[in-house]
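Protein chains: 2
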Amino acid sequence: MIFWEKETKRVYLDWAAATPLLPEAKAAMEPFLKGDFGNPSAIHKEGQVARLAVEGARDFVARALQVRPEFVTFTGGGTEGNNLAIKGTIEALHQAAGRSYSDMEVITTKIEHSSVSLATEHLRSIGVQVRYVGVDEEGFVKLSDLRELLSEKTVLFSVAYANNEIGVVQPVHQIKKLLRQTEERFNTQIFFHVDAAQAPLWLSCQFETVGADLLVLDAAKCCGPKGVGVLVRSRRPVLAPILFGGGQEQGIRSGTENVAGVIGVAIAIEWAQTNWRARAELARAVRDEATRLLLETIPGAVLNGPHGEDRLANNINISIPGINTEYAAVWLDARGFAVSTKSACAGAGGGESAVVKAISNDAARAHSTLRFTIGPDTKPSDLRKLTEALKIYVTKMRDLTQ
Amino acid sequence: MIFWEKETKRVYLDWAAATPLLPEAKAAMEPFLKGDFGNPSAIHKEGQVARLAVEGARDFVARALQVRPEFVTFTGGGTEGNNLAIKGTIEALHQAAGRSYSDMEVITTKIEHSSVSLATEHLRSIGVQVRYVGVDEEGFVKLSDLRELLSEKTVLFSVAYANNEIGVVQPVHQIKKLLRQTEERFNTQIFFHVDAAQAPLWLSCQFETVGADLLVLDAAKCCGPKGVGVLVRSRRPVLAPILFGGGQEQGIRSGTENVAGVIGVAIAIEWAQTNWRARAELARAVRDEATRLLLETIPGAVLNGPHGEDRLANNINISIPGINTEYAAVWLDARGFAVSTKSACAGAGGGESAVVKAISNDAARAHSTLRFTIGPDTKPSDLRKLTEALKIYVTKMRDLTQ
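Structure, rendered in structure tokens:
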């Protein structure tokens, strides 16, 4: 299942950062990059063709995620979706319900993607209380800590379904249950925001299955086009917009709809979710063999995040303390392997992984991460070759420094 | 110059709402919708190919608009660009310079696009003083009014280069001069934000020519793809982000870059600006003939906005008091003409044109607008046929109601 043009010698192991565009998604986008260029808000035929396409895409996403179409909002991507979910919820409570910022508490973790961690940091800057629930050494939210942190002031809990660096899949059901119990206890509402950007190819994103009030997807991470995403919400939260204008998307997200983009994300999400289980099972087998081999072969290598079922099926993340893994990534790149050290969004600037620091409190480990995120096409032999190459690099570096 | 597939019988007269995608832009986007799917922030080859594309696109835009590439920020479209320019400027002054909201004044007009008017309305809701400079009966900013309104507290003046409904082209040079004089008088800084979404096909958008501190373009309005835009800034304003995350675009606009989209907008802007003058001259001739014919033929029709050079070359906007022009637009659509009554962003909900209300203070006129925005391919015969059809409609309606 190799569906994009690639150099046969390259081994692409950075599916967490970017994915190829599904040919079916591209084909469906095509008419809207050609003759069907109308503005969906226009009343004439050209506009209505575009409107039908956008609403058809919304229905498609709604069916794939098992929600009503009116709860599906198209966004400009995962970062915008997370910002809108977090900021939009708080602003709506502030503006409509008159709640002061300092009277609201948001709980999150120290291992979130920057679009969540910096959006909550922004809330802190305007006076909202932001608290961090502890995660254990594998990255799981400590439910007992969460129970203690939750209070009458808590209005939002935000966590990634699957962590983008170490792949830990959070116990969203147990979290939801705990949030609901707390709501009953205090007679409050606590909205559950789940950044599911890494999930669609490997986990069920059916809305009820996840149990979120606000679920954020990013087309670019599940074989859709870049620059578009989806925010699905339950009946409960009201969202204030973060972009003001023409009132598109029920006033939640103004701006002329990216018609081709929303078609693309709809096709991608439907495809990703249709056979996520079989895809995940295959990837997990490949991943588990490769993880075992890496840990056996690379002296000093340790796994970051959990083993087994509660880890995103396509994610391997190891540390090799003492090794400069930024250089390792560049060295591997020159030998045909596309890998990363941490989140692409954290930039090429080096530095430690905040995620691995948070779970391990070990600077050497946080400075020596390597992430391999495989795709449906990754072969066991690709990962055996990777292991061989990495072994050569690590041995060389150790020889040089001893 | 018909470069998109269309039904030959359709006459598309809504270029202000949406434009076809330039084939050259589509072709340049193609590789990034296929094999070159890397994340520009990744350090490996796939990432660097995408990075080079994004920075190449930035250079391309910079050359077309005659600015340095570091002052070009890619956005998710015109609405986001306007929001970022307005909110970002005020937030930066508030956060970095410690200026209180109530100590800042923003001046704009009553005829701006909703992405400007509602962004400034949002500023008002957080305590910023928002003042409206008067416009004359053709829509031009009253410079004497502006001179009186400008104060020591003024930090931002926002106006569209060319109005999206009535096409009035503002005297940006004179405005800039006045703002600079005021800065000297008070020893302050007044940032000049220009929404140029409607401009690239018909006016020079060279940065120095416009004279703005913040210039906003939208790909979808100049034959680029939907969902992407450009914000160009001078050395003077600092912008606080409105989306928090990975720190892309110098931290001004987080989110994985829409690589294909930025390539598309770059090609579109370069093409639009390369021969805007010749394109505008041809369109103006077609437009002027059609305007004359419409005003002669349609009983009671009046032109909204100015005649001549200071009107966007492709814009005709008339009112036919007493006629329900929403119905007229639908009737014309059924006969092959795609027209609008006002801004598409204002939605299909009917109601008056706030722009025409502001210039005329005439409710009947504001409720009976029709906008025809032509393209480089619009033929004089198309507009003659339109005039004939509209005459039939108006005559019928007048007969029915008399």
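Chains as they are written, first to last, in numbering that gives the first Met the number 0: chain U, 0 to 401; chain X, 0 to 401.
Glycine included, C-beta positions come from ideal geometry on N, C-alpha and C.
Please classify residue i: does DSSP put it in a helix, a strand, or coil?
i: Asn316 of chain U; result: strand
i: Glu136 of chain X; result: coil
i: Arg397 of chain X; result: helix
i: Ser339 of chain X; result: strand
i: Gly46 of chain U; result: helix
i: Ile358 of chain X; result: helix
i: Ala282 of chain U; result: helix
i: Gln128 of chain U; result: strand
i: Glu4 of chain X; result: Only weak support is given to the placement of Glu4 of chain X: the predicted model assigns it a pLDDT of 49, under 50, and the question is left unresolved by the model.
i: Arg402 of chain U; result: Residue numbering for chain U in the displayed model covers 0 to 401; residue 402 of chain U lies beyond these limits and cannot be assessed.
i: Ile189 of chain X; result: coil
i: Arg235 of chain X; result: coil
i: Thr255 of chain X; result: coil
i: Arg310 of chain U; result: strand
i: Arg370 of chain X; result: strand
i: Gly228 of chain X; result: strand
i: Asp58 of chain X; result: helix
Check whether the Cβ of residue i lies closer than 9 Å to any Cβ atom in chain X.
i: Ala365 of chain U; result: no
i: Ile251 of chain U; result: no
i: His43 of chain U; result: yes
i: Gly246 of chain U; result: yes
i: Gln94 of chain U; result: yes
i: Asp332 of chain U; result: yes
i: Ser124 of chain U; result: yes
i: Ala157 of chain U; result: The residue asked about is misnamed: residue 157 of chain U is Ser in this sequence, not Ala. No, Ser157 of chain U does not count as interfacial toward chain X.
i: Met396 of chain U; result: no
i: Asp376 of chain U; result: no
How far does the beta strand (DSSP E) with residue i in it reach, from first residue to last?
i: Ile262 of chain X; result: No beta strand (DSSP E) holds Ile262 of chain X; the alpha helix (DSSP H) holding it covers Val258 to Thr273.
i: Ser157 of chain U; result: Thr153 to Ala159
i: Asp217 of chain U; result: Leu213 to Asp217
i: Gln104 of chain U; result: Note that residue 104 of chain U is Glu in the sequence shown here, rather than Gln. It spans Glu104 to Thr107 - the beta strand (DSSP E) in which Glu104 of chain U sits, taken as one unbroken run.
i: Val71 of chain U; result: Val71 to Thr74
Please name the residue in the options whose C-alpha comes closest to that of residue i.
i: Asn314 of chain U; options: U:Val329, U:Asn82 and U:Ile165; result: U:Ile165
i: Leu302 of chain U; options: U:Thr78, U:Asn316, U:Glu308 and U:Lys356; result: U:Asn316
i: Ala41 of chain X; options: U:Pro39, U:Tyr11, U:Phe139 and U:Pro22; result: U:Tyr11
i: Phe185 of chain U; options: U:Leu122, U:Lys152 and U:Val285; result: U:Lys152
i: Ala195 of chain U; options: U:Gln65, U:Phe73 and U:Val231; result: U:Val231
i: Asn81 of chain X; options: U:Leu242, U:Lys220, U:Ser359 and U:Arg278; result: U:Leu242
i: Phe371 of chain U; options: U:Asp361, U:Leu382, U:Ala362 and U:Ala365; result: U:Leu382
i: Val127 of chain X; options: X:Glu137, X:Ser113 and X:Ser101; result: X:Ser101
i: Lys44 of chain U; options: X:Leu281, X:Ala17 and X:Arg57; result: X:Ala17
i: Asn257 of chain X; options: X:Lys25, X:Leu64 and X:Gly75; result: X:Gly75
i: Arg123 of chain U; options: U:Glu295, U:Ile85, U:Val134 and U:Gly138; result: U:Ile85
i: Phe59 of chain U; options: U:Ser352, U:Phe336, U:Asn274 and U:Ala265; result: U:Ala265
i: Val70 of chain X; options: X:Leu293, X:Ser233, X:Thr400 and X:Asp398; result: At residue 70 of chain X the sequence reads Phe, which differs from the Val that was named. Closest option to Phe70 of chain X, Cα to Cα, is X:Ser233.
i: Arg397 of chain X; options: X:Trp201, X:Glu207 and X:Ile319; result: X:Ile319
Sorted by chain position, which residues of the same chain lie with C-beta nearer than 7 Å to residue i's C-beta, five sequence neighbours on each side aside?
i: Leu178 of chain U; result: Phe156, Ile189 and Phe191
i: Ala259 of chain X; result: Met28, Phe31 and Leu32
i: Val132 of chain X; result: Ile106, Thr108, Val140, Lys141, Asp144, Leu145 and Leu148
i: Arg98 of chain U; result: Leu92
Just reading off the alpha helix (DSSP H) that residue i is part of, what are its end residues?
i: Gly80 of chain X; result: Gly77 to Gln94
i: Phe31 of chain X; result: Per DSSP, Phe31 of chain X belongs to no alpha helix (DSSP H) and is neither H nor E.
i: Ile174 of chain U; result: Val171 to Phe185
i: Thr324 of chain X; result: Thr324 to Ala333
i: Val209 of chain U; result: Phe206 to Val209
Return the chain-ordered list of same chain residues with a C-beta closer than 8 Å to the C-beta of residue i, the five sequence neighbours on each side being excluded.
i: Pro240 of chain U; result: Leu83, Gly87, Gly250, Ile251, Arg252 and Ser253
i: Ala95 of chain U; result: Val237 and Ala239
i: Val285 of chain U; result: Ile373, Thr377, Lys378, Pro379 and Leu382
Against chain U, with Cβ distances strictly below 9 Å, would residue i count as a contact?
i: Asp381 of chain X; result: no
i: Ser352 of chain X; result: no
i: Val258 of chain X; result: yes
i: Ser318 of chain X; result: no
i: Asn38 of chain X; result: yes
i: Thr386 of chain X; result: no
Considering only residues of the same chain and omitting the five flanking positions on each side of residue i, which have a CB-CB separation below 6 Å?
i: Gly245 of chain X; result: Ser253
i: Tyr160 of chain U; result: Val193, Ala195 and Ala198
i: Glu120 of chain X; result: none
i: Thr78 of chain U; result: Ser114
i: Thr72 of chain X; result: Leu230, Glu248, Ile251 and Arg252
Considering only heavy atoms of the ligand HEM, does any lie closer than 8 Å to the CB of residue i?
i: Val158 of chain X; result: As far as ligands go, the structure on display features none, and thus does not contain the ligand HEM.
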